[in-house]
Each structure stands twice: as C-alpha cells, then as structure tokens.
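Quick note: the sequence shown uses our numbering, first residue 18, plus one each step.
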Amino acid sequence: MRKATFLAAAQADLVNILVYITESSGSLAIAQAFVQQLRAQCHKLAGLPGTLGQARPELRPDIRSFSYRNYVLFFRYVDDRFEVVNILHAHRDIEGHFTAAHGDEP
Numbered sequence: 018m019r020k021a022t023f024l025a026a027a028q029a030d031l032v033n034i035l036v037y038i039t040e041s042s043g044s045l046a047i048a049q050a051f052v053q054q055l056r057a058q059c060h061k062l063a064g065l066p067g068t069l070g071q072a073r074p075e076l077r078p079d080i081r082s083f084s085y086r087n088y089v090l091f092f093r094y095v096d097d098r099f100e101v102v103n104i105l106h107a108h109r110d111i112e113g114h115f116t117a118a119h120g121d122e123p
C-alpha cells in the first residue's frame, strides 16, 4: 500500500490554512478539525489502488489533482509514495502559483 508524504510546500499550505480558518472563524478547534480532514483525505487517496485524480500537465508533467470541498490537493506518484505537493484553495490562481513556486521546473 502506498504511503502519503507531505512535501514542505504542502506542510506550509496546511499551516496557512490553519491560520486562515482560525482567524476567519475565531476557532482554533474548527481550523484543526478541517486541516485534519484534509490530511485524512490525502491518506485515503494514497491508500486507494490505481492512478487517481486529474492529470495536470499544464502545471507540471507529474502533477495530478483532486478536489476536496473548496480545496485542490496536488500530488504525484513517486515509486511507492503518494507525495502531496500542494493544497490550495480552489479560487487561487493555481497556474500562477505553480509558475511562481516552481519556475520552469519540469
């Protein structure tokens, strides 16, 4: 069974989501619960057989995405790992984010 790993950028995204929801809702508990749901969804996807999500060659050749609530989970398959690359709000400029974050990286 594949294991989910969260790259540094995805971990930073989760912290930013936690801060945003805490500030918006006024509740750290609500924010923590939601971040845990995002992490659980990533682990669930990692454990499922096959290749999941939508290929996103316009971002990078190895990136796939899956929408969960108002967020988009970006991941890739590397050997027996399911690497979570980023977790972004669906209303963000996703192409702009990947261009800025990864430059011309293939």
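Each residue gets a CB set at the ideal place from its N, CA and C atoms; glycine is no exception. Remember, predicted model here, so these are calculated numbers, not experimental data.
The residues I38, in chain order, have a CB closer than 6 Å to that of F51 in the same chain once the five nearest residues on each side in sequence are set aside. With at least 16 other beta carbons inside 10 angstroms of its own, I104 counts as buried. For R81, the enclosing beta strand (DSSP E) starts and ends at R81 to Y85. M18 has its alpha-carbon roughly 25 Å from the corresponding atom of R86. No residue range can be given for E75, since it is assigned to no alpha helix (DSSP H) and is classified by DSSP as neither H nor E.
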